[in-house]
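Residue numbers (our numbering): 156 to 426.
See the structure below:
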């Protein structure tokens, strides 16, 4: 994860929702089109800039060596939940859980159709593709590559219509654009994805129809199980209606398989 090495300028104009907060950590909901951490072209208008305005002391004390509390990030177009540490013990404990792949992350994705199998596990290695955009900037995408790093995504189809499908996906590994690339590889490209999938799906949604809706982890200080969930994002509800799909939190379905997203464990090692 790329994070700034110097001071992060606070920006109180940045909007986000706090889903959980205590003295040790936060779980915040990032809106779409908000960059997670500062970088070239986004030095002052990211989620971390907004967090720094409210939690200046805690995040400054953590410093760049601990990513200013940011344990992971979401793509600019992806919305949803992120964990932020507020002290050293919390950061180190959560970092260990991330490295051991014990933190469970669940996403909702609206796709242009369902995969052939209604649920399963996609195990397809991936590698990064870097293209130089200018002397100072470059773009990174990913592709399926049998010689790349191990990548595993569990998924299940929640609802399906003649126009689209609603999928819950759990990335076990953490590769760049993993869910987007994996779902596209099984014929279920995410609506609004302008990097992957066929051209027909790019204008099917006003933005990337991918939302991190649930995080499960062990609190690094209290040891308690934490399970944070969100509602389906408002800006995608019109798309859901157009695709004749119900909101998932209002129409839950029972899990029926040991291969469901909650049941999958991390691979022992990368390739």
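Glycine residues also receive a C-beta, built at the ideal position from the N, C-alpha and C atoms.
Can you tell me where the alpha helix (DSSP H) with residue 248 in it begins and where it stops?
243-254
Do you know how far the Cα of residue 296 is from the Cα of residue 214?
30 Å
In three-state terms, what does DSSP make of residue 342?
coil
Do the stretch 336-343 and the stretch 265-272 meet, that is, are 3 or more Cβ pairs less than 8 Å apart?
yes
Excluding the five sequence neighbours on either side, which residues of its own chain have a C-beta within less than 7 Å of the C-beta of residue 253, listed in chain order?
226 and 227
Taking three-plus beta-carbon pairs below 8 Å as touching, is the stretch 184-196 in contact with the stretch 369-382?
no
Tell me which residue opens and which closes the alpha helix (DSSP H) that residue 207 is part of.
202-209
Given residue 131, which residues of its chain have a CB within under 7 Å of its CB, disregarding the five upstream and five downstream residues?
Given a span of 156 to 426 for the chain in the structure shown, any question on residue 131 remains unanswerable.
For the 8 Å Cβ check, are there 3 or more pairs between the stretch 207-223 and the stretch 235-242?
yes
Within the 8 Å Cβ cut-off, does residue 366 reach chain D?
Here there is only one protein chain, and chain D is not present.
With the cut-off set at 8 Å, would you say residue 222 and residue 332 are in Cβ contact?
no
Option in 170, 277 and 378 with minimal Cα separation from residue 327:
277
Can you find the residues in the same chain that come closer than 8 Å, C-beta to C-beta, to residue 293, ignoring five residues on each side of it along the sequence?
285, 286 and 287
Residue 171 (DSSP reduced to helix, strand or coil)
coil
Would you kindly report the start and end of the unbroken beta strand (DSSP E) that includes residue 259?
259-266
Do you know how far the Cα of residue 378 is from the Cα of residue 357?
43 Å
Starting from residue 394, trace the alpha helix (DSSP H) in both directions and tell me its first and last residue.
392-397
Simplified DSSP state of residue 314, which is helix, strand or coil:
strand
Name the residue from 283, 247, 206 and 209 whose alpha carbon lies nearest to the alpha carbon of residue 220.
247
Where does residue 362 land, buried or exposed, given buried means 16+ other C-beta within 10 angstroms?
buried
From residue 207 to residue 359, what does the alpha carbon distance come to, in whole angstroms?
35 Å
Enclosing beta strand (DSSP E) for residue 326 [first to last residue]:
320-326
By DSSP, does residue 224 sit in helix, in strand, or in coil?
helix
Taking just the CA atoms, how far does residue 282 sit from residue 173?
34 Å
Please name the residue, chosen from 165, 315 and 175, that lies closest to residue 192 on a Cα-to-Cα basis.
165
Specify the secondary structure class of residue 425 as computed by DSSP and reduced to three states.
A caution first: residue 425 carries a pLDDT of 46, below 50, which makes its placement in the model unreliable, though a value can still be read off. Coil.
Chain-order list of residues whose beta-carbon lies under 7 Å from that of residue 279 (same chain, five-residue window excluded)
299, 306, 337 and 340
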